[in-house]
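**Student:** If you read the sequence shown in my numbering, its first letter stands for residue 138, the second for the next number, and so on.
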Amino acid sequence: MRANGIRQKWDRGEAVINGWLGIPSAFSAELMAHQGWGSLTVDCQHGLIDYAMATHMLQAISTTDVTPMVRVPWCEPGIVMKMLDAGAYGIICPMINTRAEAEALVSYARYAPMGQRSFGPIRASVYGGSDYGSKANQEILIFAMTETAQAVANIEEIMSVEGLDGVYVGPADLSLSMGFTPGMDPTEPKVVGAIDTIIDAGKKHGKHVGQHCGSPEYAKSLIAKGMDWVTLLGDGRLLTSAAAQILSEMGTVPTGPKSSAY
138 MRANGIRQKW DRGEAVINGW LGIPSAFSAE LMAHQGWGSL TVDCQHGLID YAMATHMLQA
198 ISTTDVTPMV RVPWCEPGIV MKMLDAGAYG IICPMINTRA EAEALVSYAR YAPMGQRSFG
258 PIRASVYGGS DYGSKANQEI LIFAMTETAQ AVANIEEIMS VEGLDGVYVG PADLSLSMGF
318 TPGMDPTEPK VVGAIDTIID AGKKHGKHVG QHCGSPEYAK SLIAKGMDWV TLLGDGRLLT
378 SAAAQILSEM GTVPTGPKSS AY
C-alpha cells in the first residue's frame, strides 16, 4: 500500500503543514497540490463541495505526492466510509465531544476487527494499491475535532480511544463555546489555556494534535508548543488575500492621457 506521507514525516520528527480546500474545483485543488503542502484537506463540512466533486479533487491531488485528507460534514458512517473509499488517506470529523463519539468515529473508519467499515475501496485501492484492504487500518489517519468546552473537559477520555490518531482543534468553535468571539489564532487566556491542555493530553497519550491557523507566526508558535500538524488559511482566503494585496499595492490607478477634442 502507498505509504501515508504524513506518518512518514512524523516518523522523521517533522511537523506537517496542511493546506485547506473549500473551493469546489479539481483544477484549483491540483494547483494547490503542486505548491508543496505536506497534506491537503478537502473540506466537505463548510466548503462548497459535494461527494462527486470531492472525488475529482482527490484525483487532482494524486497527481502529486501530497497526502489527501477529507473533513466530513458530521460523524456519520456513510460519508466517512464513502470518502475513504474515494481515496482519502485520512478523515477529520467535526464536533467530537465524548469518548463514545470518538469510538464511533474510529469504528466507521477501521476495518474489522478494529471497526465496522464496510469493504469496498473502489478508488482507494487504485490510489493506495492492491493490498489496501490489509494495510488501511495502519495507514489511514483518523482525527476527531476538539472544538467545544465539553470536548476539552473530556479530552483525556477522547485521547485514550484506541485507533484514534489524534485531535484537530477548531479554534473558532472552541472560542465560541467558551464565550468569546469566534476566529482563528485566539489569544484569550482561557482559550489558549484550553489549547495547551489539549497539546499536553496529546503528549501524554502519544497522540497527534493539529489546528487551523490564520498566520505562519501563530502556526510556528503552536509547533513550538508541540503540535505536529498545522493548517494555514485555505484556498479561498489565500485567493482573496493575494488579490487584495495586489490591488492595495496598485493604489489609485492613474488615468490615461486625455484625447484632444477637434
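Even glycine gets a Cβ: it sits at the ideal position worked out from N, Cα and C.
Just verifying my parser: in three-state terms, what is the DSSP assignment at Tyr399?
**Tutor:** With a pLDDT of 35 at Tyr399, under the threshold of 50, the modelled position of that residue is not reliable, and no figure is offered here.
**Student:** In whole angstroms, what is the alpha-carbon distance linking Thr160 and Gly224?
**Tutor:** For clarity, residue 160 is Ile in the given sequence; the question names Thr instead. Rounded to whole angstroms, Ile160 to Gly224 spans 19 angstroms at the Cα level.
**Student:** How about the stretch 319 to 330 and the stretch 260 to 274: do they share at least three Cβ pairs that are nearer than 8 angstroms?
**Tutor:** At 8 angstroms Cβ cutoff, the stretches do not touch.
**Student:** Taking Pro308 as the reference, give the member of Ile295, Met282, Ser297 and Gly300 with the closest Cα.
**Tutor:** Looking at the Cα atoms, Met282 is the closest of the given residues.
**Student:** By a C-beta neighbour count over all protein chains shown, 10 Å radius and 16 as the cutoff for buried, is Leu403 buried or exposed?
**Tutor:** Not covered by the structure: residue 403. The range shown for the chain is 138 to 399.
**Student:** Please classify Phe164 as buried or exposed, where buried requires at least 16 other C-beta atoms within 10 Å of its C-beta.
**Tutor:** Exposed.
**Student:** Which same chain residues, not among the five before or five after Lys219, have their C-beta less than 7 angstroms away from its C-beta?
**Tutor:** The residues are Tyr188.
**Student:** Name the two residues that bound the continuous beta strand (DSSP E) containing Ile198.
**Tutor:** Note, Ile198: premise wrong, no beta strand (DSSP E); alpha helix (DSSP H) at Tyr188 to Ile198.
**Student:** Should Pro353 be labelled buried (16 or more other beta-carbon atoms within 10 Å of its own) or exposed?
**Tutor:** Classification for Pro353: exposed.
**Student:** Helix, strand or coil for Pro231 per DSSP?
**Tutor:** Here Pro231 sits in coil by DSSP.
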